[in-house]
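Structure record follows, encoded as C-alpha cells.
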Amino acid sequence: MKRISLEELLGTRRRAEYGEQYRYLMALLEAGKLKPVKASGKNGKKPALYLEYWLLEESEDYTELLEELRYQIVPSISIDYYLSHPKVYQEERRFVLLLNTYLREKKEKLLSLESVNERSFEIWGQEKFLKEGKGKKILKHCGLTMDALQVYETSEPLAYYSHTRDVPQKMLILENKDTFYSMRRHLLHREQKILGETIGTLIYGSGKGILRSFMDFDLSVEPYMSDPRNEILYFGDLDYEGIGIWEKLYRLCRGHYEIRPFLRAYDVMLRKAEQMEVLPDTKEQQNRNISPVFFSYFPEDTTKAMKNILEKGTYVPQEILNITDF
C-alpha cells in the first residue's frame, strides 16, 4: 500500500467541479483501488471526502509462472525461493530460463573448466553477467554456486623468466620489478647461480599481486613450474609489508607448496645494511602484525638483526642488492 493525498489523487481533476471529483473518488473506492485513511480527517465539503487514502496494489495472478517453475525447471535448479517470491521470478525469468535451457541441453559442457567470462557468455550471451551483472544473484536464487558452473577466475598473467625447464629446480619469487630485471640480466649473462643458489626460474611478484596470481598458479604456468618436486624461494623488502606478503603467500599455498625465504639474499641484504649510516623510515600505515613464522627460518642472530631494524622504524628495500652482488 502507498499513502497518497486527496490532491495527488485528483491530479488534473482538481479544476473540475466537486461533483465530478466526488464521483471519481467513489469509483476508485468501489473498484477496491483505494482505502481511506480515516485518521487524516475530511475536507469539510458535502458530500465529504477523506484527505488521504491508501493506494492498493492490484494482486497479480502468478498461477502460470508457478506452474512453469514446478514442471519445466530442471531438478538441479532449486525453485524454493521463486515459489515464495513469484514477483522476483517474473523479473528474473528470462535469465533463469536461459540457465535452465543450458543445464537441460548442454550440461555436458560442465565436464570442462572454463573461465568465468567464457561460461557467462555461453549461458547468457553476456561475458560480464556473472562478474558484473545479475549473475551471482540469479545463481543464489537458484540455489547454485559458482563451483556448480565449473568456472575459474583469471588473474593478470604471471610474469616470469625461465632460465631452465629442468625438474626439480629452485624458483625464486621477487617482490619488486627492479630486482627481477637485475637478476634476469645476471642469468642471461650465462650465470647459473644467484648468491650461491642455482635458480631455474624467476617470478615477478608485483608486491601483493603475487597473492592473486597464486590463486590459480597451476592453471597459469607451464607444467614444469607446478611440479611438486620444485622448491620455491621468496625475497622481498625487509619491512612489515614485505614480510606480510610472504606470510599470506605461505598460508595460501600451505598443503600444496612450501615457500621459504631466500635466506642467502636476506643475509647479504643485512650485511650491506650494516654498512649504511642511515636506513629509510618505514612507510606509514603498514600492518605491523606479523607472525613469528618468517623469522623461524633464520638463525637467532639474523632474526635479532632484522627485528632491530624494524623496531627502529626503519626498513631495507630489496633494491639494496644489485647485479654486482649476485
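So for the sequence shown, this note's numbering puts the first residue at 11; every next one is plus one. The beta-carbon is built from N, C-alpha and C at its ideal position, and this holds for glycine as well. None of the values given here were measured: they were computed from a predicted structure.
- Here E251 has Q296 as same chain residues with Cβ atoms under 7 Å from its own Cβ, once five neighbours each way along the sequence are excluded.
- The C-alpha of T22 is placed about 56 Å away from the C-alpha of D157.
- Following the DSSP letters along the chain, one finds K150 inside the alpha helix (DSSP H) bounded by residues G145 to H151.
- At a cut-off of 3 residues, the continuous stretches assigned as beta strand (DSSP E) that sit fully inside the segment 258-330 are 269-271.
- Its chain contains L16, Q31, Y32, L35, K52 and N53 as the residues whose beta carbon lies nearer than 8 Å to that of L59, once the 5 sequence neighbours on both sides are disregarded; these appear in chain order.
- Counting every other CB atom within 10 Å of its CB across the protein chains shown gives E118 a total below 16, marking it as exposed.
- The bridge partners DSSP lists for R13 are W64.
- For T211, the enclosing beta strand (DSSP E) covers residues T211 to Y214.
- Going by DSSP, S172 is part of the beta strand (DSSP E) stretching over A169 to S172.
- If the five residues before and after L120 are omitted, its C-beta is found closer than 6 Å to the C-beta atoms of Q160, all from its own chain and listed in chain order.
- For the options P85, K203 and N127, the alpha carbon positioned closest to that of H173 is the one of K203.
- Per DSSP, Y244 is one residue of the beta strand (DSSP E) stretching across E241 to F245.
- Within its own chain, the residues whose Cβ lies closer than 7 Å to the Cβ of P96, once the five positions on either side in sequence are excluded, are Y72, L75 and L76, listed in chain order.
- Bounds of any alpha helix (DSSP H) do not take in I83, whose DSSP letter is neither H nor E.
- Judged by DSSP secondary structure, L198 falls within the alpha helix (DSSP H) whose first and last residues are K187 to L198.
- For I133, the enclosing alpha helix (DSSP H) covers residues V126 to W134.
- In this structure, F105 places its C-beta atom within 8 Å of the C-beta atom of K144.
- In terms of Cβ geometry, N127 and K141 form a close pair [threshold 8 Å].
- In this structure D247 is buried. Its beta-carbon is surrounded by 16 or more other beta-carbon atoms within 10 angstroms.
- The Cβ atoms of V177 and R239 lie closer than 8 Å to each other.
- Going by beta carbons, L109 and I87 fall inside the 8 Å limit.
- Listed in chain order, the non-local C-beta contacts of F304 below 7 Å within the same chain comprise I253, W256, E257 and P271, local neighbours out to five positions each way being set aside.
- Nearest Cα to R200 within the set Y81, L259, P46 and F336: F336.
- Scanning its chain for C-beta atoms nearer than 7 Å, with the 5 sequence neighbours on each side dropped, one finds around K187 the residues Y214, in chain order.
- With fewer than 16 other Cβ atoms inside 10 Å of its own Cβ, L107 counts as exposed.
- Around L123, the same chain offers Q160 and Y162 as residues with beta carbons nearer than 6 Å, after the five sequence neighbours per side are excluded.
- Boundaries of the beta strand (DSSP E) harbouring M181: K180 to L184, taken from the DSSP string.
- For Y267 and L184, the gap between their C-alpha atoms comes out near 17 Å.
- Going by DSSP, P46 is part of no alpha helix (DSSP H) but of the beta strand (DSSP E) stretching over L44 to P46.
- Leaving aside the five residues that flank L154 on each side, none in its chain has a CB nearer than 6 Å to its CB.
- The beta carbon of L20 sits closer than 7 Å to those of Q31, all from its chain and outside the five residues before and after it, given in chain order.
- For M36, the uninterrupted alpha helix (DSSP H) run begins and ends at Y28 to E40, by DSSP.
- Around the C-beta of L198, fewer than 16 other C-beta atoms lie within 10 Å, and the residue is accordingly described as exposed.
- Its Cα nearest to that of T292, the residue P327 stands out among E18, P327 and R103.
- Put simply, of M286, E67 and Q100 the residue whose alpha carbon is nearest the alpha carbon of L79 is Q100.
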